[in-house]
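A.B. asks:
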Amino acid sequence: MEFIENNSSLLLVIFLMMLGAFIIGFLSGKSGIDTTAAVVNKEYTQEKTITSTITTAKNTITNPDDTDLHRVEIADISEPGKIRAMKTRERAGRLSQEVKTEMANKTIDFSNIGIGDKSQADDFKKIVGIGSFVEEKLNTIGIYNYSQLAQMTDADINAITKVIEFFPGRIHRDDWKGQARDLMTSKQSSTEV
Numbered sequence: 412m413e414f415i416e417n418n419s420s421l422l423l424v425i426f427l428m429m430l431g432a433f434i435i436g437f438l439s440g441k442s443g444i445d446t447t448a449a450v451v452n453k454e455y456t457q458e459k460t461i462t463s464t465i466t467t468a469k470n471t472i473t474n475p476d477d478t479d480l481h482r483v484e485i486a487d488i489s490e491p492g493k494i495r496a497m498k499t500r501e502r503a504g505r506l507s508q509e510v511k512t513e514m515a516n517k518t519i520d521f522s523n524i525g526i527g528d529k530s531q532a533d534d535f536k537k538i539v540g541i542g543s544f545v546e547e548k549l550n551t552i553g554i555y556n557y558s559q560l561a562q563m564t565d566a567d568i569n570a571i572t573k574v575i576e577f578f579p580g581r582i583h584r585d586d587w588k589g590q591a592r593d594l595m596t597s598k599q600s601s602t603e604v
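Numbers 412 to 604, taken from the working numbering, label the letters of the sequence shown in order.
#1: For the alpha helix (DSSP H) that residue 561 lies in, which residues bound it at each end?
#2: With a 10 Å radius around its C-beta and 16 neighbouring C-beta atoms as the bar for buried, classify residue 534 as buried or exposed.
#3: Jot down the residue ranges of each uninterrupted alpha helix (DSSP H) in the region 558-593, minimum 4 residues, whole runs only, in chain order.
#4: Could you compute how far the alpha carbon of residue 405 sits from the alpha carbon of residue 582?
#5: My guess is that residue 580 and residue 559 are in contact by the Cβ rule of under 8 Å, so how many angstroms apart are they, rounded?
#6: Along the chain, where does the alpha helix (DSSP H) that runs through residue 524 open and close?
#7: Judging by CA-CA distance, which residue of 570, 576, 555, 421 is the nearest neighbour of residue 591?
#8: CA-CA distance, residue 562 and residue 577?
#9: Where does residue 532 fall in DSSP's three states?
#10: When the Cα of residue 597 is compared with those of 557, 586, 543, which residue comes out closest?
#11: Given this structure, state the Cα-to-Cα distance separating residue 548 from residue 568, to the nearest angstrom.
#12: Return the Cβ separation of residue 552 and residue 574 in integer angstroms, given the expectation that the two are a contact with Cβ distance under 8 Å.
#13: Whole-angstrom Cβ separation of residue 519 and residue 461, contact assumed at under 8 Å?
#14: Buried or exposed: which applies to residue 527, given that a residue is buried once 16 or more other Cβ atoms fall within 10 Å of its Cβ?
#15: I need the boundaries of the alpha helix (DSSP H) containing residue 418, first residue and last residue.
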């Protein structure tokens, strides 16, 4: 009791602060009740819609005649298999082999360089600047023989560089065309002897 008598002004301040907090909470909560009611009402209507949809689906399943009609309608509307994704890149983001071959056929003039003979493929690793990896890439796009490399034009060289994803200008610097011509003539002279 002594505490109350000595600190009456302190208790009055605490009471007024609590009363102010109550009034602020009451007024701000009253406006929140309206929005809460709207949210609850919206959820209730969504639940009613879902329930009616489920009921309709159950009735359709129990009545097989209606189901057959629905299947026919869906079958008439849908046409599966028309749209199909085409794989153009591998997992690492590189072009797939099919796309490279297609690009090679469109951009490289095989009427000029000729069609290579896979069964009589030449060893491109004898050409400076071509390793086994690059040789495999050239074989993938249909270049197998020295004669093909010897007959390349500048446009063919640019197209091959793009398709096999090789360093630009490297084919010219390493003179694949000249080396292939030399290897082709040395191969012919060794077969004649």
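C-beta atoms are modelled at their ideal positions from N, C-alpha and C, and glycine is treated no differently. It should be emphasised that the depicted structure is a prediction, and the values quoted were computed from it without experimental measurement.
C.D. replies: Well, looking at it:
#1: Here residue 561 refers to the residue found at position 150 of the sequence shown. Taken as a continuous stretch (DSSP letters only), the alpha helix (DSSP H) holding residue 561 covers 557-561.
#2: Start at 1 with the first residue of the sequence shown, and residue 534 comes out as number 123. Under this definition residue 534 is an exposed residue.
#3: Those alpha helix (DSSP H) runs which fall completely within the region 558-593 and span 4+ residues are 565-574, 581-585.
#4: Here the chain comprises residues numbered 412 to 604, so residue 405 is not present and cannot be evaluated.
#5: Working through the sequence shown from its first residue, we reach residue 580 at position 169. Working through the sequence shown from its first residue, we reach residue 559 at position 148. At roughly 20 Å, the Cβ-Cβ gap does not stay under 8 Å, so residue 580 and residue 559 are not in contact.
#6: By one-based count along the sequence shown, residue 524 stands at place 113. DSSP places residue 524 in the uninterrupted alpha helix (DSSP H) bounded by 521-524.
#7: What you label residue 591 is simply residue 180 of the sequence shown in a count that begins at 1. Out of 570, 576, 555, 421, 555 has the C-alpha closest to the C-alpha of residue 591.
#8: For this step, residue 562 is matched to residue 151 along the sequence shown. For this step, residue 577 is matched to residue 166 along the sequence shown. The alpha-carbon atoms of residue 562 and residue 577 are separated by roughly 19 Å.
#9: Position 121 of the sequence shown, counted from the first residue, corresponds to residue 532. DSSP places residue 532 outside both helix and strand once states are collapsed to three, so it counts as coil.
#10: The residue given as residue 597 occupies position 186 in the sequence shown. Restricting attention to 557, 586, 543, the CA atom closest to the CA of residue 597 is found in 557.
#11: Position 137 of the sequence shown holds residue 548. Position 157 of the sequence shown holds residue 568. Going by the C-alpha atoms only, they are around 14 Å apart.
#12: As a working note, residue 552 is residue 141 in the sequence shown. As a working note, residue 574 is residue 163 in the sequence shown. Yes, residue 552 and residue 574 are in contact; Cβ-Cβ is about 6 Å, under 8 Å.
#13: Here the question's residue 519 lines up with position 108 in the sequence shown. Here the question's residue 461 lines up with position 50 in the sequence shown. At roughly 59 Å, the Cβ-Cβ gap does not stay under 8 Å, so residue 519 and residue 461 are not in contact.
#14: As a position in the sequence shown, residue 527 is number 116, starting the count at 1. Residue 527 comes out buried.
#15: In the sequence shown, the residue the question calls residue 418 occupies position 7. It is not in any alpha helix (DSSP H) - residue 418 carries neither H nor E in the DSSP assignment.
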